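Numbers 1 to 596, taken from my numbering, label the letters of the sequence shown in order. Cβ coordinates follow ideal geometry from the N, Cα and C atoms, glycine included. Model, not experiment: these values are computed from the prediction.
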Amino acid sequence: MSLFARIKTFIGNLRLRERMLFIYIAGGILPILLLDIYTYQNTRSVLIQKAKESEMDGLNMIADSMSESMSVISDISKQMYFDEKIEHIAFHQYENYSEILADYRDYDTISDYLKYYYHEISSITLYLNNDTISNNEYFVHVDQEIAEKPWYQNTLDLDGKPYWSYSYDSLKRKDSLRMSRLLYTKDMEPVGVLAITMQYKRTELPVQERTQDTYLVYDDTVVLHRNENNRDTDEMILLLKQIKDDTYSGKVRFQGEDTCLLSTVRVKPDYSDDYYTLVSVCPYEEIAGSAARSALGSLVPQLVCVAFGLGIILAFSNQFSARVNTFRLQMHKAATGDFNITEDIGGEDEITDLYRDLKVMIDSIQELMNNVIKERVQKEQVNARQKEVEFKMLASQINPHFLYNTLETIRMQARIHNQPDIEELAKMLAKIMRRNIQVSNTLQPLKSELKLVEYYLKIQDYRFHDRIHYSIETEGDISSLKVMPLLIQPFVENAFVHGLEAKESGGEIVIRVEVRSHLWITVSDNGCGMSMEKLDEVRKALNDFDNLDRTHIGICNVNQRIKLQYGENYGVEFESKTGVGTKVSIKLPVLTSEIE
Numbered sequence: 001m002s003l004f005a006r007i008k009t010f011i012g013n014l015r016l017r018e019r020m021l022f023i024y025i026a027g028g029i030l031p032i033l034l035l036d037i038y039t040y041q042n043t044r045s046v047l048i049q050k051a052k053e054s055e056m057d058g059l060n061m062i063a064d065s066m067s068e069s070m071s072v073i074s075d076i077s078k079q080m081y082f083d084e085k086i087e088h089i090a091f092h093q094y095e096n097y098s099e100i101l102a103d104y105r106d107y108d109t110i111s112d113y114l115k116y117y118y119h120e121i122s123s124i125t126l127y128l129n130n131d132t133i134s135n136n137e138y139f140v141h142v143d144q145e146i147a148e149k150p151w152y153q154n155t156l157d158l159d160g161k162p163y164w165s166y167s168y169d170s171l172k173r174k175d176s177l178r179m180s181r182l183l184y185t186k187d188m189e190p191v192g193v194l195a196i197t198m199q200y201k202r203t204e205l206p207v208q209e210r211t212q213d214t215y216l217v218y219d220d221t222v223v224l225h226r227n228e229n230n231r232d233t234d235e236m237i238l239l240l241k242q243i244k245d246d247t248y249s250g251k252v253r254f255q256g257e258d259t260c261l262l263s264t265v266r267v268k269p270d271y272s273d274d275y276y277t278l279v280s281v282c283p284y285e286e287i288a289g290s291a292a293r294s295a296l297g298s299l300v301p302q303l304v305c306v307a308f309g310l311g312i313i314l315a316f317s318n319q320f321s322a323r324v325n326t327f328r329l330q331m332h333k334a335a336t337g338d339f340n341i342t343e344d345i346g347g348e349d350e351i352t353d354l355y356r357d358l359k360v361m362i363d364s365i366q367e368l369m370n371n372v373i374k375e376r377v378q379k380e381q382v383n384a385r386q387k388e389v390e391f392k393m394l395a396s397q398i399n400p401h402f403l404y405n406t407l408e409t410i411r412m413q414a415r416i417h418n419q420p421d422i423e424e425l426a427k428m429l430a431k432i433m434r435r436n437i438q439v440s441n442t443l444q445p446l447k448s449e450l451k452l453v454e455y456y457l458k459i460q461d462y463r464f465h466d467r468i469h470y471s472i473e474t475e476g477d478i479s480s481l482k483v484m485p486l487l488i489q490p491f492v493e494n495a496f497v498h499g500l501e502a503k504e505s506g507g508e509i510v511i512r513v514e515v516r517s518h519l520w521i522t523v524s525d526n527g528c529g530m531s532m533e534k535l536d537e538v539r540k541a542l543n544d545f546d547n548l549d550r551t552h553i554g555i556c557n558v559n560q561r562i563k564l565q566y567g568e569n570y571g572v573e574f575e576s577k578t579g580v581g582t583k584v585s586i587k588l589p590v591l592t593s594e595i596e
């Protein structure tokens, strides 16, 4: 059978709805999609090329600015050739400082250049072989250290031609471009070396302001400026040494990274063999992704038209096969466990008979499932009751009231044996335990909470003796005020455990209550305090209720209770300094009864 016959048979076996869709897809959608793919690829290629050109344009703008500044520096160096005042200072043997100062003041050419070209030039220095001059910002005597510097030797070797290099400003910690050249008299006698340094902002700022990773490299060996510090530049420098053209743009892969677009522009000063290279590195996927998004945007109208036409065809074909699709969808719902299907699909044909049989089958399945669920629920209820009984039996075995009664027995035995300290300790511990047993969500008198804290402090006083002292101070009438239970004690315990236990003497903890427009309760200690990193960790943990650890659960619980009860304007604040101590401030509303 020929291919044409097979296609004809295939189309003939299709249902009417499927045949309509096949014709629309084969005759309409496929040609449009092929055209869209071609348009997409072509547009994407054009946009990628535009992105490459844009990257090169950005580097060329920086290069043009550098060349302009280099031309200014080169022109100034030419104008300072055969300067008689410079030659006088270079060769005159000075006998005293006042004579030197007079010649320095008389020569104002350098200062004039610096004032006029302050945007381009940061310094102009003349290095002279005259032992009788004094060094200042413009004139420097060439000693052995300067004479041995590579840039100075290279300048002399060029015999008057400009030598471009770079200088490092240790105060600003910046690299700047520098041109140096040997000056001669009209009789070709060496005068000295002129060094002109470009403002580092002329080259650094344009590099820093670029969004892509950009570098300024000297002679393909030293990176002078860069706007990122994460990339290792050694392999990049090796690639630069392989590039012979003054401008280059292409894809490279180095340091195991994804493919990048490497763009370079070399800036060559006039009459110099040295050069500077501007380098841009951009992930190629970033450029390609941006181009792809733009290309897809241009295809949206065509895709909308295709979708609109497809919608019309689907609507027309669905009208023909609506009852069949309804039956199929209802059966699919039943297969996935959704038995809430339509009661009737209409009509009296074979599809209706099949649908009624499906409905009878679903009703039978639902009845069976309901019986199974009912039996399972009854079984779960029996298990739940059994676990509840087991839990109550376990709870009755560990009764906290037994511990309280035991402490009361210890207290009575201490009284009988005339042990007042033990009696007092047992009494205070029993009161603390009784409060913890009876704790509820209702507000408690503030005085009662302070009394509970005082019991705790007295117990600690028995433990630490004179190592730690405490005081409880109040300002204002607190007799009728109420607060949430167990609000202060966690911070007092925290002060002992994390701040005061390590102190051998002089420990102090102060609890202060102030009634103003709000109720402020502060717990201050002079313990070891916390570093800024630890303090930031505690402050962050105060509001991180989803990731509590055992270290902060007590104080975070108090802060959470306050905010849930009274709102975000209230809560706990921490202040601390290493070696000074810690201060906890609790901000509460002034309440005399339960809030509504």
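Throw me the rounded Cβ distance for the residue i and residue j pair, which I believe falls under 8 Å.
i           : j           : result
residue 164 : residue 272 : 5 Å
residue 592 : residue 482 : 6 Å
residue 179 : residue 162 : 5 Å
residue 90  : residue 128 : 5 Å
residue 514 : residue 573 : That pair is no contact at about 14 Å.
residue 281 : residue 63  : So it is not a contact: roughly 17 Å between Cβ atoms.
residue 506 : residue 528 : About 12 Å; that fails the 8 Å criterion.
residue 134 : residue 100 : 5 Å
residue 82  : residue 186 : 6 Å
residue 451 : residue 520 : The pair is not a contact, with the Cβ atoms about 19 Å apart (cut-off 8 Å).
Under 9 Å between the Cβ atoms of residue i and residue j?
i           : j           : result
residue 581 : residue 525 : yes
residue 496 : residue 460 : yes
residue 600 : residue 206 : This structure does not reach residue 600, given that the chain is present from 1 up to 596, and the question cannot be answered.
residue 177 : residue 194 : no
residue 238 : residue 217 : no
residue 448 : residue 509 : no
residue 196 : residue 146 : no
residue 97  : residue 138 : no
residue 191 : residue 87  : yes
residue 59  : residue 278 : yes
residue 211 : residue 226 : no
residue 94  : residue 132 : yes
residue 269 : residue 275 : yes
Applying the criterion that 16 or more other CB atoms from any shown protein chain within 10 Å of the CB defines a buried residue, is residue i buried or exposed?
i           : result
residue 220 : buried
residue 428 : buried
residue 150 : exposed
residue 259 : exposed
residue 175 : buried
residue 571 : buried
residue 171 : exposed
residue 113 : buried
residue 369 : exposed
residue 69  : buried
residue 5   : exposed
residue 26  : exposed
residue 487 : buried
residue 312 : exposed
residue 315 : exposed
Where residue i and residue j are concerned, what is the direct C-alpha to C-alpha distance, given to the nearest angstrom?
i           : j           : result
residue 56  : residue 75  : 28 Å
residue 576 : residue 431 : 32 Å
residue 376 : residue 336 : 22 Å
residue 585 : residue 458 : 22 Å
residue 397 : residue 409 : Bear in mind that the predicted position of residue 397 carries a pLDDT of just 40, short of 50, making it too unreliable to give a figure here.
residue 530 : residue 559 : 19 Å
residue 426 : residue 466 : 21 Å
residue 23  : residue 3   : 18 Å
residue 152 : residue 538 : 58 Å
residue 543 : residue 564 : 12 Å
residue 555 : residue 201 : 52 Å
residue 394 : residue 517 : Since pLDDT at residue 394 reaches only 39, below the 50 mark, its modelled position is unreliable, and the value read off the structure follows with that caveat. The alpha-carbon atoms of residue 394 and residue 517 are separated by roughly 48 Å.
residue 223 : residue 235 : 12 Å
residue 332 : residue 344 : 16 Å
residue 489 : residue 453 : 6 Å
residue 308 : residue 353 : 36 Å
residue 126 : residue 72  : 17 Å
residue 597 : residue 51  : Nothing in the structure corresponds to residue 597, since the chain is present only between 1 and 596.
Would the beta-carbon of residue i be found less than 8 Å away from any heavy atom of the ligand GTP?
i           : result
residue 142 : Among the ligands in the structure shown, none appear at all, so the ligand GTP cannot be discussed.
Q | Complete runs of the alpha helix (DSSP H) confined to the segment 518–588 [at least 4 residues] | A | 532–542 and 553–566
Q: List in chain order: all unbroken beta strand (DSSP E) runs of 3+ residues lying wholly within the segment 41–120.
A: none
Q) Which ranges does the beta strand (DSSP E) cover as unbroken runs of at least 3 residues, wholly within the segment 234–291, from first to last along the chain? A) 247–252, 260–267 and 276–283
Q) In the segment 123–157, which residue ranges form an unbroken beta strand (DSSP E) of at least 3 residues, counting only runs that do not cross its ends? A) 139–141
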